[in-house]
DNA sequence: GCTAGTATGCACCTTTTGGTAAGTACCAGG
DNA sequence: CCTGGTACTTACCAAAAGGTGCATACTAGC
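Residue numbers (my numbering), protein chains in the order written: chain A, 4 to 124; chain B, 4 to 124.
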């Protein structure tokens with residue numbers, strides 16, 4: 004039903020950065036502009052479809068800017084917009100929190116789904 | 004299998020608050036402890052299954068504490084743990100960002116799915 | 001003996017999301 | 001001419017997340 008009404012700002016923020024690869028994209032673009040292939044290699048195990056999709060959403064949301072050099076072979080650079088930079092700033096404490104408690108969170112996540120433990124026995 | 008290894012703290016944080024209702028739960032528990040039914044009414048359009056599920060995950064993650072009064076009829080209170088409070092602190096700037104840009108984000112989200120709000124015709 | 005209200009569990013189903021594999025247009029090098 | 005590298009698209013699929021509704025144990029009220 005997508006009641007596009009957020010009760011707290013958290014919902015709005017998470018709607019923007021909620022994709023699987025978006026935090027990583029933000030993370031890598033925070034330093035500098037990057038070419039598409041460069042970004043993909045930096046992230047590592049992401050497929051083209053996913054990366055493009057997430058980049059397009061972030062672009063549509065005004066977080067990242069796409070600069071197409073119109074060259075052959077294709078050359079496209081992605082960077083944070085100023086709006087995206089305000090988001091990156093707001094994300095810093097959360098990123099710090101995650102870094103600080105990363106090992107604890109990793110343990111929790113691995114316990115959440117060890118292996119098929121909900122099978123009919 | 005998703006290697007539970009986070010490259011940046013953002014991933015870890017989002018793994019914890021990534022549920023659909025978790026931001027809301029955090030939001031409501033940030034002020035004070037609340038009984039289950041109280042919380043459900045505060046959130047509004049959440050189902051029992053979802054709320055319980057999210058609460059259990061947050062509890063397993065050490066973010067919220069569950070206090071069962073062992074009474075009949077049942078009475079259970081949920082509150083933030085001190086760990087949960089550190090998370091809430093880290094979330095503040097992001098929440099502020101979301102609040103600040105809420106109307107913009109709402110527009111973006113509604114454009115993402117042109118169906119808007121489904122009404123029973 | 002009903003129903004209501006408490007907090008929660010369980011089975012089933014739908015929607016959303018993420019992932020895989022292929023194909024596009026273009027040019028350089030072998 | 002075939003391969004590789006660029007950036008990107010598309011069709012199809014699997015898995016996860018979310019949602020609905022009924023069931024539980026217990027008491028109070030009608």
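A virtual CB, placed ideally from N, CA and C, is assigned to each residue, including glycine.
| request: Write down every uninterrupted run of the beta strand (DSSP E) in the region 57–107 of chain B whose length is 3 residues or greater and which is fully enclosed by it, in chain order. | output: 67–71, 79–83
| query | What is the rounded straight-line gap between the Cα of residue 35/B and the Cα of residue 58/B? | reply | 15 Å
| request: Note down the Cα distance separating residue 104/B from residue 105/A, rounded to an integer number of angstroms. | output: 29 Å
| task | Give a yes or no on whether the C-beta atoms belonging to residue 68/A and residue 89/A are separated by under 8 Å. | result | no
| field | C-beta contact flag for residue 80/A and residue 38/A at 8 Å | value | yes
| query | At a Cβ cut of 8 Å, what residues of the region 6–26 of chain B count as close to chain A, listed as they run along the chain? | reply | 7, 8, 9, 10, 11, 12, 13, 14, 15, 16, 17, 18, 19, 20, 21, 26
| message | What are the residues in the region 82–98 of chain A lying within 9 Å of chain B by C-beta distance? | response | 86, 89, 90, 92, 93, 94, 95, 96, 97, 98
| request: Would you tell me roughly how many angstroms separate the C-alpha atoms of residue 14/A and residue 64/A, rounded to the nearest one? | output: 15 Å
| Residues that residue 68/B contacts on chain A, provided the C-beta gap is smaller than 9 Å | None at all; the shortest Cβ gap to chain A is about 15 Å.
| field | Short CB-CB distance (under 8 Å) between residue 123/B and chain A | value | Here residue 123/B scores only 29 on pLDDT, less than 50, and its place in the model should not be relied on; the value that follows carries that caveat. No, residue 123/B lies away from the interface with chain A (no Cβ there is under 8 Å from its Cβ).
| field | Straight-line Cα distance separating residue 75/B from residue 125/B | value | Residue 125/B is absent from the structure shown; chain B starts at 4 and stops at 124.
| query | So, using beta-carbon positions, are residue 72/B and residue 78/B closer together than 8 Å? | reply | yes
| field | C-alpha gap between residue 102/A and residue 11/A, whole angstroms | value | 24 Å
| task | Could you check if residue 20/B is buried or exposed, using at least 16 other CB atoms within 10 Å of its CB as the buried criterion? | result | buried
| said: Cutting at 7 Å between CB atoms, please list the residues of its own chain near residue 49/B, excluding the five before and the five after it. | reply: 24, 43
| message | For residue 119/B, which residues in the same chain have their Cβ closer than 7 Å to its Cβ, ignoring the five residues on either side in sequence? | response | Note that residue 119/B scores a pLDDT of 41, beneath 50, so its modelled location is shaky and nothing firm can be said.
| request: Pull out every residue of the region 30–58 of chain A whose Cβ sits closer than 7 Å to any Cβ of chain B, in chain order. | output: 30
| said: Taking its Cβ as the centre, do 16 or more other Cβ atoms sit within 10 Å of residue 70/A, making it buried, or is it exposed? | reply: exposed
| query | If you drop the 5 nearest sequence neighbours on each side, which residues of the same chain put their C-beta closer than 7 Å to that of residue 32/A? | reply | 67, 81, 82, 83
| request: Please decide whether residue 62/B counts as near chain A, where near means a Cβ-Cβ distance under 8 Å. | output: no
| said: To the nearest angstrom, how far is the alpha carbon of residue 51/A from that of residue 27/A? | reply: 15 Å
| Any idea which residues DSSP pairs residue 115/A with across the strands? | DSSP lists no partner for residue 115/A.
| Start and end of the alpha helix (DSSP H) containing residue 16/A? | 12–20
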